[in-house]
Structure formats: structure tokens, C-alpha cells
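From first to last, the protein sequence lines are chains A and B.
When you read off a place in the first sequence, starting at 1, and then add 645, the result is the number in our numbering.
When you read off a place in the second sequence, starting at 1, and then add 72, the result is the number in our numbering.
Glycine included, each C-beta is placed from N, C-alpha and C at the ideal position.
Here the structure comes first, spelled out in C-alpha cells, and everything after it is commentary.
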Amino acid sequence: DGGITQSPKYLFRKEGQNVTLSCEQNLNHDAMYWYRQDPGQGLRLIYYSQIVNDFQKGDIAEGYSVSREKKESFPLTVTSAQKNPTAFYLCASSIEDRGGDTQYFGPGTRLTVL
Amino acid sequence: DAKTTQPTSMDCAEGRAANLPCNHSTISGNEYVYWYRQIHSQGPQYIIHGLKNNETNEMASLIITEDRKSSTLILPHATLRDTAVYYCIVRGGDSNYQLIWGAGTKLIIKP
């Protein structure tokens with residue numbers, strides 16, 4: 646089946662530790678994204694990548710880092726510099742569709758920092 | 073700031089049509105209107121998008137007013153599984169890849 650996978654579904658880390666969230670897609674989409682969602686809120690863009698070996702900061706990039714070495718993969722590292730890392734993290738990829746850019750989402754990773 | 077305005081919550085009876093409104097009065101001529109929904113603790117699901125014409129797919133219909141300042145998502149025969157938060161989004165003007173998300177509408181389908 647084609648789709649976007651994120652692992653793990655739940656992740657617990659101690660304060661001060663870096664943690665890397667995985668995102669893989671087999672949809673052959675060029676663009677990929679990372680969002681953060683806090684309870685009762687909409688999504689906020691952390692980073693996005695339009696092509697391999699290139700990525701841009703979103704609205705809330707501070708304390709996060711990404712890499713895009715392969716088209717299929719766009720891992721996100723939550724560093725110890727991120728002040729409030731506990732959140733629901735969503736990865737997406739997109740394809741141009743009838744002039745628009747339609748994003749498709751993975752199931753998400755819920756990160757809890759203790 | 074979000075570029076759309078939606079009601080916080082709505083109820084609809086199972087089997088009836090659910091009509092979800094969205095205001096986007098500052099939309100630019102080249103911006104698309106997208107609708108997604110999110111069932112609790114899952115990733116958002118794409119529903120439909122449009123520019124100025126009405127659109128229909130297997131999930132829903134999208135009605136955009138002629139001045140493009142508002143739109144309505146229609147779920148023709150709502151089921152209990154349609155209970156979710158529905159987001160109306162306009163694609164960001166400067167960045168073709170930016171979707172600006174508000175808080176959405178919590179739609180509750182009642183038996």
C-alpha cells in the first residue's frame with residue numbers, strides 16, 4: 646500500500662535529550678513537511694522540503710532540525726533547545742493536483758518529554 | 073494568523089447533510105480553498121479543494137461563493153464516522169507550500 650508512515654506512534658524522552666522522529670513515504674512525492682499540533686489547536690509548520698537535499702524553515706523551526714538525503718525520508722530531530730517539545734508531530738507529503746498542492750498526512754507521533 | 077473563520081462546533085443528525093461554513097474574506101485570486109478533517113489523535117485527512125468553481129468528489133461537495141469570500145463543505149449523508157474536526161484552509165500567498173491552519177470546526181454527528 647502507498648502511504649506515509651511515522652514511527653513510533655508514542656515516544657517518551659527525558660528532558661535535555663535529543664530525539665529523532667521518523668517519516669517515510671512511498672508515494673513518490675517531491676515535497677515533505679513537518680507540523681506540530683498542540684491540544685485544541687491547528688497545525689503549525691516546522692520545516693518543509695521541496696526536493697532532496699533542500700529544506701526551508703517554517704513558522705516554528707527553532708529547536709528543531711531536519712535532513713532530506715532521500716526522496717522517501719524526512720526525519721525530524723527535536724533538540725534539547727526546544728522549550729516545549731511535548732506535542733503531536735505530523736509529517737506530510739504533497740503532490741500538485743489541479744493547480745493546487747494537496748498534502749497527505751501520516752498517522753503522527755505523540756512525543757512526551759518528562 | 074489563520075486566514076479563515078469557522079464556527080467552533082456544530083451538530084448534525086445521522087443521515088442528514090452536514091453543511092460546514094467557512095469565511096475567507098481576504099483570499100487572494102490565486103489562493104485555493106482546502107478542506108481537511110482530523111479524527112481524534114489521527115493525522116488529518118484530505119477531503120477536497122477548489123479555486124472558484126464548485127467541486128464534488130466521493131467524500132463531499134465544496135461550494136464557493138462567486139466573490140470567493142466564503143465557502144461551504146457539504147457531507148451529503150453524514151454518518152457517525154464523520155465526527156471529526158474539519159479544517160478550512162487557504163493556501164498561503166507568498167509560499168506555495170504553506171497551509172495556514174486555524175482551530176477548525178468540531179462536527180458531532182448524532183444518532
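Any chain B beta carbon closer than 8 Å to G687(A): Reading the first sequence from its first residue, position 42 is the one you call residue 687(A). Judged by the 8 Å Cβ criterion, G687(A) is in contact with chain B.
Assigned secondary structure, D154(B) (DSSP; H/G/I helix, E/B strand, else coil): The sequence position of residue 154(B) within the second sequence is 82, counting from 1. Here D154(B) sits in helix by DSSP.
W107(B) - containing beta strand (DSSP E), residue span: Taking the second sequence and counting its residues from 1, one reaches residue 107(B) at position 35. Element bounds for W107(B): V105 to Q110.
DSSP state of M82(B) mapped onto helix, strand, coil: The residue you call residue 82(B) lines up with position 10 of the second sequence. In the structure shown, M82(B) sits in a strand (DSSP, three-state: E or B).
Residue-chain proximity (Y626(A), chain B), Cβ-Cβ < 8 Å: Lying outside 646 to 759, the shown extent of chain A, residue 626(A) is not represented and no answer is given.
Span separating the alpha-carbon of I172(B) from that of G661(A): Counted from its first residue, the second sequence places residue 172(B) at position 100. Counted from its first residue, the first sequence places residue 661(A) at position 16. Our two residues, I172(B) and G661(A), have alpha carbons roughly 30 Å apart in a direct line.
Short CB-CB distance (under 8 Å) between L92(B) and chain A: By one-based count along the second sequence, residue 92(B) stands at place 20. L92(B) does not count as touching chain A.
Boundaries of the beta strand (DSSP E) in which F700(A) is found, first to last residue: As a working note, residue 700(A) is residue 55 in the first sequence. Here the beta strand (DSSP E) through F700(A) covers D699 to K702.
Pairwise C-alpha distance: T757(A) and N671(A): One-based indexing of the first sequence puts residue 671(A) at position 26. One-based indexing of the first sequence puts residue 757(A) at position 112. The straight-line gap from Cα to Cα measures roughly 28 Å.
Reference V711(A), options K659(A), T650(A) and L666(A), closest by Cα: One-based indexing of the first sequence puts residue 711(A) at position 66. Checked all of K659(A), T650(A) and L666(A); the closest Cα to V711(A) is L666(A).
According to DSSP, residues forming a beta bridge with T747(A): As a first step, residue 747(A) must be located in the first sequence, where it is residue number 102. For T747(A), which the question treats as bridged, DSSP gives the partners I740(A).
Amino acids of chain B, ordered along the chain, whose beta-carbon sits closer than 7 Å to that of P752(A): Mapped onto the first sequence, residue 752(A) falls at position 107. Chain-order list of chain B residues neighbouring P752(A): Q114 and G115, by C-beta distance under 7 Å.
is_contact[D73(B), chain A] using C-beta, thresh 8 Å: What you label residue 73(B) is simply residue 1 of the second sequence in a count that begins at 1. For D73(B), the predicted structure reports a pLDDT of 49, less than 50, and the residue's modelled location is therefore unreliable. A value from the coordinates is still provided. Answer no: the Cβ-Cβ gap between D73(B) and chain A never drops below 8 Å.
Helix, strand or coil at F657(A) [DSSP, three-state]: As a position in the first sequence, residue 657(A) is number 12, starting the count at 1. Strand at F657(A).
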